[in-house]
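In my numbering, the protein residues as written are 77 to 233.
Laid out in structure tokens, this is it:
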């Protein structure tokens, strides 16, 4: 038993050095991870600021097309407008928020359905008003989802 205690006493300084080195390495690892996370977060924020103009333009165009689809859904042929809307969605939908993308796709589907239900005889279907209101709500969602930049100005003390 004395031999074991003597051995532990003899390696105590070595264990302290190893423990100190381990704590130092762990601290450096944590610090480097935090720095990488901060860098990624700053880069993501910078990209978001750089694309704000494109995102606002995309929401504006989506809003314009949603309103045009709504009002054109009562016309005999909306294929040209639908083609324009489909092209816009294919090229610019990533600039829209997820909620705006869903609203735009829903508005397009409702406009096509509304147009088909009207038919050549001018029939409206039973839920004309509900479809009309849903298309209006879709356009409102797109408009409200546009993230306009806000610049905080610190007030002087």
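Just so you know, even glycine gets a beta-carbon here, dropped at the ideal spot from N, CA and C.
Rounded separation between residue i and residue j - CA only
i           : j           : result
residue 106 : residue 164 : 45 Å
residue 208 : residue 117 : 42 Å
residue 218 : residue 94  : 60 Å
residue 183 : residue 168 : 16 Å
residue 158 : residue 113 : 43 Å
residue 128 : residue 203 : 38 Å
residue 87  : residue 96  : 14 Å
residue 115 : residue 121 : 10 Å
residue 137 : residue 151 : 21 Å
residue 154 : residue 145 : 8 Å
residue 77  : residue 92  : 22 Å
residue 110 : residue 104 : 10 Å
residue 160 : residue 222 : 21 Å
residue 147 : residue 216 : 14 Å
residue 43  : residue 102 : Any answer about residue 43 is impossible in this case: the structure gives the chain only from 77 up to 233.
residue 83  : residue 89  : 11 Å
Spatially closest choice to residue i from the options, by CA coordinates
i           : options               : result
residue 187 : 155, 216, 161 and 149 : 149
residue 181 : 193, 166 and 194      : 166
residue 220 : 203, 194 and 177      : 177
residue 173 : 134, 190 and 146      : 134
DSSP-derived helix/strand/coil call for residue i
i           : result
residue 229 : For residue 229, the predicted model reports a pLDDT of 49, less than 50, meaning its position is unreliable; a value from the coordinates is still stated below. Of the three classes helix, strand and coil, the one that applies to residue 229 here is coil, per DSSP.
residue 144 : helix
residue 149 : coil
residue 77  : coil
residue 105 : helix
residue 189 : helix
residue 100 : helix
residue 115 : helix
residue 172 : coil
Residue range of the unbroken alpha helix (DSSP H) whose run includes residue i
i           : result
residue 168 : 155–168
residue 220 : 204–221
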